[in-house]
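The structure appears below as structure tokens.
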Amino acid sequence: MARVEFTKDMRPEYTILVPEMLPTHFLLLVQVFRQHGYNLEVLQNEGPDVINAGLQYTHNDMCYPALLCIGQFIDALKSGKYDLHKTALMITQTGGGCRASNYIHLLRKALERAELDFVPVISLNPAGLEKNSGFRFTPGLLTEALYSILYGDMLMNLKNQAEPYEKEKGATMALVNRWADDIAGQFRKSPAGPVLHFRRNLKAIARDFEALPRTAEEKIKVGIVGEIYVKFSSMGNNHLERFLLEQG
Numbered sequence: 038m039a040r041v042e043f044t045k046d047m048r049p050e051y052t053i054l055v056p057e058m059l060p061t062h063f064l065l066l067v068q069v070f071r072q073h074g075y076n077l078e079v080l081q082n083e084g085p086d087v088i089n090a091g092l093q094y095t096h097n098d099m100c101y102p103a104l105l106c107i108g109q110f111i112d113a114l115k116s117g118k119y120d121l122h123k124t125a126l127m128i129t130q131t132g133g134g135c136r137a138s139n140y141i142h143l144l145r146k147a148l149e150r151a152e153l154d155f156v157p158v159i160s161l162n163p164a165g166l167e168k169n170s171g172f173r174f175t176p177g178l179l180t181e182a183l184y185s186i187l188y189g190d191m192l193m194n195l196k197n198q199a200e201p202y203e204k205e206k207g208a209t210m211a212l213v214n215r216w217a218d219d220i221a222g223q224f225r226k227s228p229a230g231p232v233l234h235f236r237r238n239l240k241a242i243a244r245d246f247e248a249l250p251r252t253a254e255e256k257i258k259v260g261i262v263g264e265i266y267v268k269f270s271s272m273g274n275n276h277l278e279r280f281l282l283e284q285g
């Protein structure tokens, strides 16, 4: 099966779909990639149709994260929402020993079975495992992406600390969104800004979250552990974080 390359000509017009995984981090990462000319869209489709698509087009012995990622892609492509001849898919490839490095090959096989093998699949990896003329991990993009992950970690951790105790429902998430937009705006103004002012920004973020009005009640602290996709993806863990918040 010949690999369909994502070319330079495709870049201006194509929408690049990525599977949902890190909601807080993706608020920043999507904006950074768009500023570098890649029209990324994080998929939000979920439910029985996604699972059934994964079961239909992947091997039934494949791990659950692969089934969900591939099912989400196939379900989105078949939804009628996208121009299939102006849509590409992007998935990470670690190069390690985990099955995750082979998701990209499983995805291409699934696309072939679904008669969608003309859709380009981009490997997101900094090691040059696959190359596409229309996508390059430039030093600037790599630096901004790495710092977006660091900022995302900070926002996610503070969100998880503050949200269970917020007095005004939605105030924590509003602050997360405001800071994600602020950091993305700093990258737009000067790519070096959020890097040079990293410590200053983290202190300002911490101050803003500390100032959020909170209740004084005691709550049980819960930790979620496990495989990275299932731990962080709301679809992968069946909205476990929301469930825990609703339980008080």
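At position 117 of the sequence shown (counting the first as 1) the number is 154 in this note's numbering, and the numbers step up by one without a gap.
A virtual CB, placed ideally from N, CA and C, is assigned to each residue, including glycine.
Please report the distance separating the alpha-carbon of Ala217 from that of Asn89. Counting from 1 along the sequence shown, the entry for residue 217 is found at position 180. Counting from 1 along the sequence shown, the entry for residue 89 is found at position 52. C-alpha separation (whole angstroms): 34 Å.
Are there 16 or more other CB atoms within 10 angstroms of the CB of Ala164, so buried, or fewer, so exposed? What you label residue 164 is simply residue 127 of the sequence shown in a count that begins at 1. Answer is exposed; the Cβ neighbour count stays below 16.
Cβ pair count under 8 Å reaching 3, the stretch 235-247 against the stretch 92-99: no
With respect to 7 Å, is the separation between the Cβ of Arg145 and the closest non-hydrogen atom of the ligand SAM below this value? Of the ligands one can find in the structure shown there are none, so the ligand SAM has no counterpart to examine.
Rounded C-alpha distance that separates Glu167 from Glu83: Within the sequence shown, residue 167 is the residue found at index 130, counting from 1. Within the sequence shown, residue 83 is the residue found at index 46, counting from 1. Answer to the nearest angstrom: the Cα atoms are 29 Å apart.
Looking at C-beta atoms only, is the number of pairs between the stretch 189-202 and the stretch 71-85 that lie closer than 8 Å three or more? no
In chain order, what residues of the same chain have a beta carbon less than 7 Å from the beta carbon of Glu181, not counting five sequence neighbours either side? Here residue 181 is taken as the residue at index 144 of the sequence shown, counted from 1. Closer than 7 Å at the Cβ level, and outside the excluded window around Glu181, lie Val69, Phe224, Pro228.
Ile265, buried or exposed, once every other Cβ within 10 Å from all chains shown has been counted against 16: Mapped onto the sequence shown, residue 265 falls at position 228. So Ile265 counts as exposed.
Quick check on the DSSP output: the beta strand (DSSP E) that includes Asn76 runs from which residue to which? As a first step, residue 76 is located in the sequence shown; it is residue number 39 there, counting from the start. 76-79 is the span of the beta strand (DSSP E), which, as asked, contains Asn76.
If I measure Cβ to Cβ from Asp86 and keep anything under 7 Å in the same chain, skipping five residues before and after, which residues do I get? Locating residue 86 in the sequence shown gives position 49, counting from the first residue. For Asp86, where only same-chain residues beyond five positions count, the Cβ hits under 7 Å are Asp112.
Taking the alpha carbon of Thr175 as the point to measure from, which residue in Thr131, Tyr188, Leu161 has its own alpha carbon closest? As a first step, residue 175 must be located in the sequence shown, where it is residue number 138. Comparing C-alpha distances from Thr175 to each of Thr131, Tyr188, Leu161 shows the shortest one belongs to Leu161.
CA-CA distance, Ile17 and Asn274? Only positions 38 to 285 of the chain appear in the structure, and residue 17 is not among them; the question remains open.
Where Arg251 falls: helix, strand or coil (DSSP): Numbered from its first residue, the sequence shown carries residue 251 at position 214. Reduced to three states, the DSSP call for Arg251 is strand.
Less than 6 Å between C-beta atoms, sequence neighbours within five positions excluded: which residues of the same chain meet that for Leu195? Working through the sequence shown from its first residue, we reach residue 195 at position 158. Counting only Cβ-Cβ distances below 6 Å, and skipping sequence neighbours, we find Phe246.
Which residues in the same chain have their Cβ closer than 8 Å to the Cβ of Tyr184, if we skip the five residues on either side of it in sequence? Here the question's residue 184 lines up with position 147 in the sequence shown. Same-chain partners within the cutoff: Pro231, Val232, Phe235.
Do the CB positions of Thr52 and Lys123 come within less than 8 Å of each other? If you number the sequence shown from 1, residue 52 lands on position 15. If you number the sequence shown from 1, residue 123 lands on position 86. The answer is yes: Cβ separation under 8 Å.
Best match in Tyr119, Val158, Lys256 for proximity to Gly285 [C-alpha to C-alpha]: Your numbering for residue 285 matches position 248 in the sequence shown. Answer by Cα proximity: Lys256.
Under the DSSP definition of a beta bridge, which residues are partnered with Leu54? As a position in the sequence shown, residue 54 is number 17, starting the count at 1. Its beta-bridge partners are Glu78, Leu126.
Segment limits, alpha helix (DSSP H) that includes Val232: Reading the sequence shown from its first residue, position 195 is the one you call residue 232. First-last of the alpha helix (DSSP H) with Val232: 230-233.
Considering just the uninterrupted stretch of the alpha helix (DSSP H) at Leu179, what are its terminal residues? Taking the sequence shown and counting its residues from 1, the one referred to as residue 179 is at position 142. Run containing Leu179: 176-199, per the alpha helix (DSSP H) assignment.
State yes or no: is the C-beta of Ile128 within less than 8 Å of the C-beta of Leu144? As a first step, residue 128 must be located in the sequence shown, where it is residue number 91. As a first step, residue 144 must be located in the sequence shown, where it is residue number 107. It is a contact, given that the beta carbons lie within the stated cut-off.
For the putative contact between Gly171 and Arg40, defined by C-beta atoms under 8 Å, what is the C-beta separation to the nearest angstrom? What you label residue 171 is simply residue 134 of the sequence shown in a count that begins at 1. What you label residue 40 is simply residue 3 of the sequence shown in a count that begins at 1. At roughly 13 Å, the Cβ-Cβ gap does not stay under 8 Å, so Gly171 and Arg40 are not in contact.
Quick check on Val67: does DSSP put it in helix, strand or coil? One-based indexing of the sequence shown puts residue 67 at position 30. Note: Val67 maps to helix in three-state DSSP.
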